[in-house]
Every structure is written in C-alpha cells, then in structure tokens.
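In what follows, a single structure is set out as structure tokens and then discussed.
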Amino acid sequence: DQQVKQNSPSLSVQEGRISILNCDYTNSMFDYFLWYKKYPAEGPTFLISISSIKDKNEDGRFTVFLNKSAKHLSLHIVPSQPGDSAVYFCAASDVRSGGSNYKLTFGKGTLLTVNP
Amino acid sequence: ETGVTQSPTHLIKTRGQQVTLRCSSQSGHNTVSWYQQALGQGPQFIFQYYREEENGRGNFPPRFSGLQFPNYSSELNVNALELDDSALYLCASSLPQITDYGYTFGSGTRLTVV
Chain A
164 DQQVKQNSPS
174 LSVQEGRISI
184 LNCDYTNSMF
194 DYFLWYKKYP
204 AEGPTFLISI
214 SSIKDKNEDG
224 RFTVFLNKSA
234 KHLSLHIVPS
244 QPGDSAVYFC
254 AASDVRSGGS
264 NYKLTFGKGT
274 LLTVNP
Chain B
697 ETGVTQSPTH
707 LIKTRGQQVT
717 LRCSSQSGHN
727 TVSWYQQALG
737 QGPQFIFQYY
747 REEENGRGNF
757 PPRFSGLQFP
767 NYSSELNVNA
777 LELDDSALYL
787 CASSLPQITD
797 YGYTFGSGTR
807 LTVV
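Heads up: the sequence lines are chains A and B, in that order. Under the working numbering, the first residue of the first sequence is numbered 164, with each subsequent residue one higher. Under the working numbering, the first residue of the second sequence is numbered 697, with each subsequent residue one higher.
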C-alpha cells in the first residue's frame with residue numbers, strides 16, 4: 164500500500180515557465196511534508212518543507228502548497244531553469260506520534276526535464 | 697561543515713554473502729537513518745539510530761541490522777544477501793527534533809548482488 168503517490172513519472176517544461184509537481188497521500192496522520200531533489204549519482208537534497216498547520220510555504224523560486232482536505236500537495240517552480248532538471252521526491256512524516264523518530268515515507272519520484 | 701559521507705560508493709557481492717556499509721554523519725547531527733532505494737522506487741526507511749540505539753524500524757527482515765557509534769557514525773549490515781537486496785543504500789543524518797531542513801543524505805552505496 165503506497166501511502167505517498169507521485170502519479171506523474173515525468174514532466175517536461177520550457178525554461179522560464181512554471182513547473183508543477185504533484186503528490187497525493189493517504190495517511191491522515193502525516194503532518195509534515197518535504198520535497199527533495201535528486202541528481203544522478205548523488206543523494207537526495209532537501210528543497211522545501213511544510214507543516215500541516217500551514218497551507219503554503221515559499222523559498223525563492225520554490226513554493227509548496229498543501230491541501231489537507233484533499234490530501235494533496237504540490238511543488239511550484241517559477242521560473243524553471245535547466246539546472247532544475249532532476250528527480251523530485253515528495254516525502255511525508257508523522258511527527259506528532261513519532262517522538263524523536265520521524266521516518267520519511269517517499270513517493271516514487273517525478274523526473275523533471277527543463278528544456279532550454 | 698562536512699556533509700554525510702558513505703563508503704564504499706559501489707559494491708558487488710554474491711548471494712548469501714554478508715555486507716557492511718558505513719556512514720559518517722554531518723557535523724552536529726546525532727541521529728542516523730538508513731534507506732533503501734530500489735530501481736524506479738523512492739527511498740524506503742530501513743531503521744534509525746539515536747544515542748547508539750535503534751529508534752524505529754521499517755518493514756525489513758532481521759538480517760538487516762545496524763550500529764551507531766559514540767561519534768554518531770553508523771554501519772548497516774546485511775546478512776545472507778539476496779538478489780532483491782540490490783539497491784542504492786542511503787544514509788541520512790539529522791538532529792532528533794524536526795527542523796526546517798529535514799535529513800541530510802549521503803550520496804549512497806550502490807550494492808549489486810549477483
């Protein structure tokens with residue numbers, strides 16, 4: 164049973180346009196969400212996070228939106244740049260009950276390609 | 697500030713053998729987690745160590761075991777290797793409480809079981 168789903172294996176956008184990556188989750192206990200970016204031969208790199216008490220968090224070109232009622236979050240990248248081409252993973256955690264252990268449950272990832 | 701360092705980067709083992717993977721956590725981080733990423737999948741949580749004790753475990757059999765040392769570095773041991781254990785093994789370090797920065801991941805060890 165996949166608790167975090169990224170239904171688009173890949174996404175291709177033009178440089179300068181908006182990239183929107185989507186993520187759905189099924190576990191209502193999840194209360195902290197993160198996005199990671201992964202280049203080949205490297206480990207995932209933290210991008211941005213959001214707590215369930217918020218519905219939006221911005222960091223420069225990156226904005227994450229959380230819709231708790233729909234159990235859906237999205238990552239917006241504006242404007243997209245060729246260097247953004249990577250696999251993007253959505254991850255979720257149940258912080259309240261985990262104590263000091265906040266394991267992350269990941270989606271399968273979306274390969275973003277930004278074309279010059 | 698050093699990041700998370702994993703060794704070796706690549707490894708080929710034969711089915712039935714045992715393997716030890718190593719991880720040095722980021723400076724100041726005292727919690728280490730291990731994840732397995734199979735081809736085409738997202739990382740899956742194996743277990744976490746905090747204060748040298750296992751602090752949570754995912755759905756992995758007991759032949760996956762680990763250690764954390766006083767300097768917060770860690771080892772992942774896998775006994776009786778199976779072909780399905782072929783994957784990228786990621787180590788991640790963090791502070792024990794939630795931060796805005798999540799985990800810091802290493803580049804991983806690519807394990808191939810033949």
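In this text, a Cβ means the ideal position worked out from N, Cα and C, and glycines have one as well.
Does the beta-carbon of Q714/B have 16 or more other beta-carbons within 10 angstroms, so that it is buried, or is it exposed?
exposed
Suppose the cutoff is 8 Å on Cβ atoms and the five residues either side in sequence are ignored; what does the same chain contact list for A788/B look like?
V700, V728, S729, W730, Y731, Y799, T800, F801 and G802
C-alpha distance - I240/A paired with T273/A, whole-angstrom precision
14 Å
From what residue to what residue does the beta strand (DSSP E) around I213/A run?
T208 to S214
List the whole-angstrom C-beta distance separating L779/B from R711/B, where the pair is believed to meet the contact cut-off of C-beta under 8 Å.
6 Å
Quick one, which of K217/A, K231/A and L210/A has its alpha-carbon nearest G223/A's?
L210/A
Would you say S212/A reaches chain B, if we count a Cβ-Cβ gap shorter than 8 Å as a contact?
yes
Just the chain B side, please: which residues come within less than 8 Å of A204/A by C-beta, in chain order?
S803
Specify whether the segment 197–217 of chain A and the segment 237–253 of chain A touch according to this definition: at least 3 beta carbon pairs, one from each stretch, less than 8 Å apart.
yes
Which stretch, first to last residue, makes up the beta strand (DSSP E) that contains I181/A?
Element bounds for I181/A: n/a, residue is neither H nor E.
Considering only the beta carbon of each residue, do G738/B and F269/A sit closer than 8 Å?
yes
DSSP state of L791/B, grouped into three classes?
coil
DSSP bridge partner residues for V728/B (one or two, in chain order):
Y745/B and S789/B
Is F760/B near E750/B, with beta carbons less than 8 Å apart?
no
Report the CB separation of H235/A from D187/A in whole angstroms; it is logged as a contact under 8 Å.
5 Å
Taking the alpha-carbon positions, what's the Y199/A to S721/B distance?
18 Å
Per-residue contacts from K217/A into chain B (C-beta, under 9 Å)
Here the premise fails: no neighbours, minimum Cβ distance about 12 Å.
State yes or no: is the C-beta of P704/B nearer than 7 Å to some heavy atom of the ligand HEM?
No copy of the ligand HEM appears in this structure; indeed no ligand is present at all.
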